[in-house]
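Below is one structure, written out as structure tokens; comments come after it.
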Amino acid sequence: MTSLEKRLKKIFGAPRKGETFELRSGLVSQYADERKDSIKRVIAAMTVGKDVSSLFPDVLKNISTHDLEQKKLVYLYLMNYAKTNPELCILAVNTFVQDTEDPNPLVRALAIRTMGCIRVDKIVDYMEIPLNRTLTDDNPYVRKTAAICVAKLFDLNKEICLENGFLDILLKLVDDSNPMVVANAISALLEIQSSNTNDFLGGKFLKIDDKILKKLLMTLNECTEWGRITILTALSEFTSTSSEDASHIIDRVTPQLQHENPAVVLASIKTILKHFENLQSKAQTEAILKKLSAPLISLLSTPPEIQYVALRNIRIILEKYPNLLSRELRVFFVKYNDPAYLKLEKIEILVRLSNDANAALLLSELKEYSMEIDTDFVKRSVRAIGQVAIKLQKSSKLAVDILYDLLTTRTSYVINEGIIVLQNILRRYPEAFVTTIIPIIADLSIDDLDEPESISSYVWIVGQYCKSIPHLDLKLQQIISNYYDIDPAIQLAILSCIVKINLVKPSKDSQQYLQTILNLSTQQVEDADVRDKSYIYWRMLSANDSELSKSIILKKLPILNSTIEKIPTTLLNELIDELSTLSSVYHEPSEMFIEADAKAKSKNYILDTKENSKIEDLQRMAKNEIVNNAVKAENLLDFDDDDEYEGFDDANSSSNTNHTGNNNNNGVSSNVDVLDELNDLFAGLSSGPTVATNNNNNNNNNNINNNNTINFNNAGGNDTTKKTNEDLLSLF
Amino acid sequence: MASSIHFLDIKGKPLLSRDYKGDIPSSALEKFPLLIIEQEQSNNGVPILNDQGINYIYILHNNIYILALTKKNENVFSIMIYLSNLIKVLTNYFKNLEEESIRDNFVVIYELLDETMDFGIAQITDPKILKEYITQESHKLELLTSSNNNEMKQPPNALTNAISWRSEGIFYKKNEAFLDVVESINMTVNHNGQILMSEILGKIKIKSQLSGMPDLRLGLNEKFLNSAKESGNNASGRSGIELEDIKFHQCVRLSKFENEKIITFIPPDGEFDLMSYRILSPPLKPLFVINYKFQNHSNTRLEIFLKVRLNFKQKLTCQNLEIFIPVPDDIDSPKFQTVKGNLKYLPESSCIRWKFKSCNGGKEYAMLCELLLPSTLDAKNLEIFKKKPIKFSFNIPYFTTSGLQVKYLRINEPKLNYQSYPWVRYITQSGDHFEYRV
């Protein structure tokens, strides 16, 4: 009756007493079920984010109980609020220690699990005895829980953990008879090793020798799915020394490829790929690679979020073994209801899988995608068509025809993207498709485009193929109409374009435009690059040697081989070892996104791993270039020096137009990237020679000064203002 | 693996959290709603993101975010799989995992979170085993027995045994095993009636009601297994079928299958999926041949005509055939004409459902639908409508497309030595993606 009264009071009672008060009185109630009910309500309040830490002592009073559920609830509360009342936690220690002796293994395990989760310094001192006891418990469920508790203790207090020899016990547990205990012992060891160096652990870490290897391979077939992942992880971090070892491991891991848990499958693939390198027989490696393709595909029959991770990993594997999935193209076709991020990632895989055999199929699929509604997806598809065209010469005709169809539909974002793609195609096949592409350009006005990158591409094509473009002067007029206001990237493109036109197909109008543009660039435009470039052009043109200018400006560009982004070799090798981790999703080494890892590795090292490959490649290229030019360089004329510089600049500027504002995107060939950076490198390298030839340059400048007129290709001189000349001088 | 696991509603408001490692400040969670919006805008909603050294990994399920946080370069694939398994476990417990059921069952969820993961390391996610010692009615049971400590729940032996999926001492009066061979077909057909993509996703489901620790051996027809053998080594199976990536329940002895192609196992009790397989690009004809036309009368009225021929043997019966024909959003007063089947407009998914209880192969049906377009019709609405594929959903019993046959299921229980009865059923059904582009 009294309980009923109380409940009635609760309902009708004065609200000013507050919820906390009610809970408190419930917690100290004389009735067990009422106390338990109150604990539940406290936990409910905690769950929705209310602060119930003030009830700590009252909840604690309920800790000694035989009701397992109530015990769990109190423990849960303790774990959450231990930090707010570290002193009072000590009161709970006794119960914990008692519970680790309870006849019921569930209670023993629960006690040691919870104790490890109370992250209070004081409690650490009391952990030695119960932890020792549970680590040698008869029941495997308790042992496996205690194994993980060692990792928790280590996280709290490394010294105590080492002093008490818990790591030794953990290492012994690796040889336990129960597979789950083995797996958890290894998990704990891996966890400890991941955040600490071996030196600190005093050699107490998992060393995989023949005996342990045998144990691991045996346990692999017996333990739960999660245990298998742990063991596979340990195996993938182990370096096999001999071909026999590697082949043995691979043989034992291969059956796991058929496991129903995709994480086990990917962990197996990772392990196999790791030991794969050590195999000697070629036939064997081929056979193993073939076995991997079906399991890789199976990773895709999962929810979209998981598929995404799988696709990012597949991309890394494909980069290393490009032919692995070449027959599986259709699996990667986009489904109507795939989320956007999945669609885009699938296209990445599709373009990498394209080959002569499947190109027709792929292109018709990509065409289908290009007519979808989602803007980003459509753009990416159009770009993909270009990538296929550039990768596969045999299919380029088909691809260009599809692009032609798409561009004539005239949806603005398709056109914007299409123009960039067309430019790349012209860079790859300078002659083949001129008759198809030029009419598109001729029909298009610059006002149809609104993205800087597209406009730059458009301007580049007009400049490069000016001979074939009808009504060139009119087009030029449109192009330069807004010159002062537009994006610097486009200004650079226009500069190159107009200079080119004046060398190839000069007309009265075009010369007029050139003069206007040069004046504007040198006097009004604020962007330093644009100013510099126009000065350089100006000076070159005033040399009055049209043949020389032509040989500089109209230099043949290197052929684009691919516009599919590649992962640099060093990074790739690193990522192969990082399959299934966050690195594999971000495609970055861990120190790029994790502070602790970045600190752990010295600055030098970061430079090494991150830039190494690029810099190596660059250095190699630069060397070749220098060797090639050495003969020329020996009898350098003052202009030859410029010649080279200009040559690069031109190549560079056109590549600039190629991918301005798109540096992190896929449309950029690594080739172009390298050129870009090569140029930077040369800028550094050539500082010496520039100084050396300064005198000559000055002489030349004086000549110009004396003439006081600058001639453009013998075609009508134009007076320049004195100011311009001074500016020009200050350049050198 | 993970430092903490969180459940959040669609707006990113936390519903329930479990912090395993305590190395992540609570401010990280408060930022989550902003971060998902940002991610949606700048990164197409990729479900993994990094903000100030903290990595957010999440799955969206029933308008609930299940989120894991970590600071280390962890095995993100395992975390994702753990999250999706956790969803399965919780769904198994509460039928539906949604805001409401999370609020109502927070006690059990905490228990499950503790049991499935410890210090961020996944432990066990098999709902059958978990249900043996974590039950929703636990407190009712214990109130009666709390005086008697010996009857308290023990951790099931199975939990840590090599055979972690089956407990000892199971007993049935009548020992039976039911086998279902279910094949789901996914197919994308383009507007010319050519198959762009097709695959069969097969599953053998078993419902075992067998006593003791029975050892089972499943025999499949040779032709089927041979094609599996070859897919590993030789490129294309000679029978024309390419069996790919067979996956087995953890109870199947994988090395035995790898070496001898024999499927042996000790089954878990009750229902489970024994194996799954995939057949890529099987030599299939399109199961349906369609003729689709629509006519737009000056953006006010739309006429849709669809003719479907069931392109398979007459003796096969197709049950619960549903054809989803897309229409623009917000249409008005649709009128239907057809000889067979039931037509209904489903406004929430903007389509017309054409439903048949059952129909035989070889038949042909047509329908005509007339509807009014909304007066505020925009071009995009119409554009989306034109891109939407027609979807099919159906099942055909007593039939496997791949030709898989169960030859025998030998049941051997060494101690009890009982008589047992295996039953086998076959069914072919549509997968999630059975689409005709138009």
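Protein sequence lines, in the order shown, are assigned to chains A and B.
Just so you know, we're using the working numbering here: the first sequence kicks off at 10 and counts up by one.
Just so you know, we're using the working numbering here: the second sequence kicks off at 80 and counts up by one.
Quick reminder that beta carbons are idealized off the backbone N, C-alpha and C, glycines included.
Residue range of the beta strand (DSSP E) that I506(B) falls in?
Y500 to Y515
Output needed in chain order: residues of the stretch 219 to 232 of chain A with a Cβ under 7 angstroms from some Cβ in chain B.
N230 and E231
Bridge partners - M55(A), DSSP secondary structure assignment:
DSSP output for M55(A) lists no bridge partner at all.
Rounded to whole angstroms, what is the Cα-Cα separation between T228(A) and T239(A)?
11 angstroms
Is V187(B) close to chain C? Criterion is C-beta to C-beta, closer than 7 angstroms.
Of the chains in the structure shown, none is chain C; the protein chains are A and B.
I'd like to know whether the C-beta of N703(A) is nearer than 7 angstroms to at least one C-beta of chain B.
Because N703(A) sits at a pLDDT of 39, beneath the cut-off of 50, its placement in the model cannot be relied upon, and the point is left open.
Whose CA, out of D347(A), T525(A), Q524(A) and P304(A), lies closest to the CA of L334(A)?
Answer by Cα proximity: P304(A).
Can you give me the start and stop residues for the beta strand (DSSP E) that K326(B) sits inside?
L322 to F327
Would you please verify whether the beta carbon of S599(A) is less than 7 angstroms from any beta carbon of chain B?
yes
Residue-chain proximity (E462(A), chain B), Cβ-Cβ < 7 angstroms:
no
Just to confirm, are I495(A) and S463(A) a CB contact at a threshold of 7 angstroms?
no
For a contact defined as C-beta to C-beta under 8 angstroms, what are the partners of T263(A) on chain B?
E337
So, with DSSP's three-state summary, where would you put E643(A)?
Note that E643(A) scores 42 on pLDDT, short of 50, meaning its location in the model is unreliable; the coordinates nonetheless yield the value given after this. It is helical.
Examine the Cβ distances between the stretch 363 to 372 of chain B and the stretch 336 to 355 of chain B and report whether three or more of them are shorter than 8 angstroms.
no
For T109(A) and D147(A), the rounded distance between their alpha carbons:
12 angstroms
Please work out which residues of its chain come closer than 8 angstroms, Cβ to Cβ, to Y99(B), disregarding the five sequence neighbours upstream and downstream, and give them in chain order.
A81, S82, S83, I84, M196, D197, F198 and G199
Quick one: list the residues of chain B neighbouring I157(A), beta-carbon separation under 8 angstroms, in chain order.
D197, F198 and I200
Leaving aside the five residues before and after D745(A) along the sequence, list all residues of the same chain whose C-beta is less than 6 angstroms from its C-beta, in chain order.
Residue 745(A) is absent from the structure shown; chain A starts at 10 and stops at 741.
Spatial neighbours of D88(B) in its chain, beta-carbon cut-off 8 angstroms, leaving aside the 5 residues before and after
L94, N142, I143, Y144 and E178
Range of the contiguous alpha helix (DSSP H) that encloses H257(A)
S252 to V262
List the DSSP bridge partners of G35(A).
For G35(A), which the question treats as bridged, DSSP gives no partner whatsoever.
Where N173(A) falls: helix, strand or coil (DSSP)
coil
Given 8 angstroms, three or more beta-carbon pairs between the stretch 565 to 575 of chain A and the stretch 505 to 515 of chain A:
As far as the Cβ criterion goes, the stretch 565 to 575 of chain A does not touch the stretch 505 to 515 of chain A, which means the pair count is below three.
Whole-number beta carbon distance between I434(A) and P461(A), since they are thought to touch under 8 angstroms:
Incorrect: roughly 20 angstroms between the Cβ atoms, too far for contact.
From N89(A) to N129(B), what distance separates their C-alpha atoms?
Each residue's Cα considered, the two are about 26 angstroms apart.
First and last residue of the alpha helix (DSSP H) that includes T195(B)?
F185 to T195
Return the CA-CA distance between V68(A) and R389(A), expressed in angstroms with no decimal places.
58 angstroms
Residue of L97(A), H75(A), K81(A) and T74(A) minimising C-alpha distance to S63(A):
Closest in alpha carbon position to S63(A), among L97(A), H75(A), K81(A) and T74(A), is L97(A).
Kindly indicate if chain B contains any beta-carbon less than 7 angstroms away from that of R339(A).
yes
Terminal residues of the alpha helix (DSSP H) in which F341(A) lies:
First-last for F341(A): undefined, no H or E at that position.
Can you tell me where the alpha helix (DSSP H) with C158(A) in it begins and where it stops?
Per DSSP, C158(A) belongs to the alpha helix (DSSP H) from P149 to L165.
Compare the Cα-Cα distances from H480(A) to each of A451(A), L320(A), L501(A) and K283(A) and report the closest residue.
A451(A)
Is there at least one Cβ from chain A nearer than 7 angstroms to P365(B)'s Cβ?
Not closer than 7 angstroms to any Cβ of chain A, the Cβ of P365(B) fails to qualify, so no.
Using only CA atoms, which one of D410(A), R361(A), S310(A) and Y467(A) lies nearest to E278(B)?
Of D410(A), R361(A), S310(A) and Y467(A), the residue nearest in Cα terms is S310(A).
Alpha carbons only, please: which of R182(B), K151(B) and S121(B) is nearest the one belonging to L55(A)?
Rather than Leu, the amino acid found at residue 55(A) in this sequence is Met. Comparing Cα-Cα distances from M55(A) to each of R182(B), K151(B) and S121(B), the minimum goes to R182(B).
Enclosing alpha helix (DSSP H) for K299(A) [first to last residue]
K291 to S307
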